[in-house]
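Note that the numbering used here has the sequence shown beginning at 8, numbered continuously upward. Glycine is no exception: its CB is placed at the ideal position from the N, C-alpha and C atoms. For reference, the structure discussed in these notes is given below.
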Amino acid sequence: MSELKKSPSALLSQSSGSAIVVLNHNKPVAYLIPTETYEAMMSMTEDYELAKLLDERLKDKNQAVSVSLDDL
């Protein structure tokens, strides 16, 4: 924490895009990750949740929904 408080921009520059673990009394309390990494993680999470939903719907044929092409 003390290094982060002293010079956050220097710490981020030294990380070269890797995650930074923030320690408080030698225990991890947070991670700082590059924006691109966070966005990729969120995208993977959304993809996983959609795939899980698709699996559930494919298993349960009773959830089929009729759609008119005109409605699209």
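Same chain, Cβ closer than 6 Å to I27, five either side skipped, listed in chain order: Closer than 6 Å at Cβ, skipping near neighbours: L39.
Would you list the one or two residues that DSSP bridges to L39? Residue pairing by DSSP places L39 opposite I27 in a beta bridge.
What's the gap between the Cα of V29 and the Cα of L18? Taking the straight line joining both Cα atoms gives about 11 Å.
For K68, report the span of its alpha helix (DSSP H) as first-last. No alpha helix (DSSP H) holds K68; DSSP gives it neither H nor E.
Hey, G24 and P41 are a contact pair by Cβ (cut 8 Å); roughly how many whole angstroms apart? Contact flag correct, Cβ pair sits at about 5 Å.
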